[in-house]
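Report on the following structure.
Protein chains in written order, with our numbering: chain A, 1 to 358; chain B, 359 to 453.
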């Protein structure tokens, strides 16, 4: 009973109601955590449903926060749910996080992870970390009782594009379920001050081998945010730190090709190369007829396969990777290269809806 | 010969294997041997100046080599090296 009352008196902030946040929110609600804050500004998409089980088919198109709250209320109407339908930024993070006992990081990008980490260290709030990739997951507890923080583990993020995201690399839908539940377990243990939390321990999960391993994590005395002489005492620009240019989200450069133009060129049998820079498993889902495939990661090695004198139109899923490919090819001396605006998603929308979106 | 465990994001550079045996008496030697036979892997885990990239950690059994002797850490034949890169799942803002 005492434990149940501690849970009732506790408040947990869930950053993200996606793959990790979904099982977290459901189980923490079921466990009777008194107040749960949800941070998510995204909208439910049908491609989320294989792993974000807090949302259902009838929620597609709704804000994830609304969909999550409905499921949580059904499980336990006594939980107070705080809505933060915003992106967590350096401007709002400290204020939002200050209102909770602990934070569970269920985000899907490096800038936010570093933001959450730094804010938690600065405010003295534990950060239950979990992350996934394809068939592997990691979990630990940062910023708790002298233990390490995320920067102690990884001082810097990888440059954007080097580590594929779930959208590009794909993920086993069940995987975030396992990691999310490990995070939920750790959150409950921290609230009840029981058991041995994953402080100073990095749990590694390999779903294919079905093996759990543990690595030791230490607080780095020279860590810029939680070390003995911190140099970071307030939140920074995390997009810049991670090398992400937010403006690149919807690249509209001069010399882009529109999907309708591409269709005309294909129908006229114009002489050009249509280069697809996605991963092979994406091509299995659908492709634009006539394209040749060189995944972005292989482009440097294989650009010799391309005809320098030909016109080349490059595409990917939605235009981000292909614009990087175009930049690279132009720098390598290809003079007639353009980016297909909107990628295969735009093709599916405007030209051929039988090509599946994903 | 020590065993080096390869994480999923890097398996494409080692013929999709999840572990590789490599020769060497220190961590530095084992990794040099591994990346010598797999140059594409080298580019992923080392910078152009030959330093280990900061979003890649190397463990000898369960200890981070940064807290041992870094790449001079001695490796026994029964030891297992793990390469653990930073992962974040989800969707990146550049699709």
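A virtual CB, placed ideally from N, CA and C, is assigned to each residue, including glycine.
Report task. Check each candidate in 13(A), 7(A), 101(A), 31(A) and name the one with the smallest Cα separation from residue 82(A). Result -> 13(A)
Query raised in the report: For residue 359(B), which residues from the same chain have a beta carbon less than 8 angstroms from its beta carbon, with the 5 sequence-adjacent residues on both sides left out?
Result: 379, 380, 381, 435
Query raised in the report: Based on the DSSP output, what are the partners of residue 139(A) in its beta bridges?
Result: 130(A), 203(A)
Report task. Classify residue 73(A) as buried or exposed, calling it buried when 16 or more other Cβ atoms lie within 10 Å of its own Cβ. Result -> exposed
Requested in this report: Kindly provide the ranges of any beta strand (DSSP E) runs that are 3 or more residues long and lie completely inside the region 44 to 100 of chain A, ordered along the chain.
Outcome: 80 to 84
**Report entry** At least 3 beta-carbon pairs within less than 8 angstroms: the region 99 to 111 of chain A vs the region 53 to 67 of chain A
**Finding:** no
Requested in this report: Pull out every residue of the region 361 to 385 of chain B whose Cβ sits closer than 9 angstroms to any Cβ of chain A, in chain order.
Outcome: 363, 365, 366, 367, 370, 376
Requested in this report: Look at the Cβ atom of residue 277(A), then the Cβ atom of residue 292(A), and state whether they are nearer than 8 angstroms.
Outcome: no
Query - Option in 373(B), 444(B), 417(B) with minimal Cα separation from residue 428(B) - result: 417(B)
Query - Beta-bridge partners of residue 104(A), as assigned by DSSP - result: 14(A), 128(A)
**Report entry** Within-8 angstroms CB hit, residue 417(B) to chain A
**Finding:** yes
Query raised in the report: For the region 196 to 204 of chain A against the region 138 to 156 of chain A, are there 3 or more C-beta pairs whose distance is under 8 angstroms?
Result: yes
Report task. Report yes if the CB atom of residue 402(B) is closer than 8 angstroms to the CB atom of residue 368(B), and no otherwise. Result -> yes
Report task. Could you please give me the residues that DSSP links to residue 214(A) through a beta bridge? Result -> 203(A)
Requested in this report: Provide the residue(s) that pair with residue 315(A) in DSSP beta bridges, ordered along the chain.
Outcome: 276(A)
**Report entry** Classification of residue 409(B) by the beta-carbon crowding that lies within 10 angstroms, buried from 16 upward
**Finding:** exposed
Query raised in the report: How about the region 177 to 186 of chain A and the region 120 to 136 of chain A: do they share at least three Cβ pairs that are nearer than 8 angstroms?
Result: yes
Query raised in the report: For residue 224(A), which of helix, strand or coil comes out of DSSP?
Result: coil
Report task. Would you tell me roughly how many angstroms separate the C-alpha atoms of residue 281(A) and residue 33(A), rounded to the nearest one? Result -> 40 angstroms
Requested in this report: Consult DSSP for residue 433(B) and reduce its assignment to one of helix, strand or coil.
Outcome: coil
Query raised in the report: Hey, would you say residue 144(A) sits closer than 8 angstroms to residue 199(A), going by beta carbons?
Result: yes
Query raised in the report: What residues in its chain sit with their C-beta under 6 angstroms from that of residue 42(A), if we drop five residues either side in the sequence?
Result: 64
Query raised in the report: Where DSSP assigns a beta bridge to residue 439(B), which residues make up the other side?
Result: 362(B), 418(B)
**Report entry** Contact set between residue 218(A) and chain B, taken where Cβ atoms lie within less than 8 angstroms
**Finding:** 422, 425
Requested in this report: Report all residues from its chain with a CB closer than 8 angstroms to the CB of residue 236(A); omit the five preceding and five following residues, and keep chain order.
Outcome: 90, 118
Report task. With a floor of 3 residues, list each beta strand (DSSP E) that falls wholly inside the region 374 to 414 of chain B, ordered by position along the chain. Result -> 377 to 380
Query raised in the report: residue 293(A) lies in the alpha helix (DSSP H); which residues open and close that run?
Result: From DSSP, residue 293(A) is part of no alpha helix (DSSP H) but of the beta strand (DSSP E) over 291 to 293.
Query - Stretch pair the region 383 to 397 of chain B + the region 341 to 352 of chain A: three plus CB contacts closer than 8 angstroms - result: no
Query raised in the report: Around the Cβ of residue 312(A), are there at least 16 other Cβ atoms within 10 angstroms (buried) or fewer (exposed)?
Result: buried
Query raised in the report: Tell me the DSSP bridge mates of residue 39(A)?
Result: 15(A), 84(A)
Query raised in the report: Mind checking residue 310(A): buried by the 16 CB within 10 Å criterion, or exposed?
Result: exposed
Requested in this report: Using the Cα positions of residue 419(B) and residue 20(A), report the straight-line distance between them to the nearest angstrom.
Outcome: 28 angstroms
Query raised in the report: Under the rule that 16 or more other beta-carbon atoms within 10 Å means buried, what is residue 125(A), buried or exposed?
Result: buried
**Report entry** Alpha-carbon spacing of residue 146(A) relative to residue 207(A), whole angstroms
**Finding:** 31 angstroms
**Report entry** Close-in-space but distant-in-sequence residues of the same chain around residue 176(A) (CB under 6 angstroms, 5 per side omitted)
**Finding:** 19, 20, 51, 132
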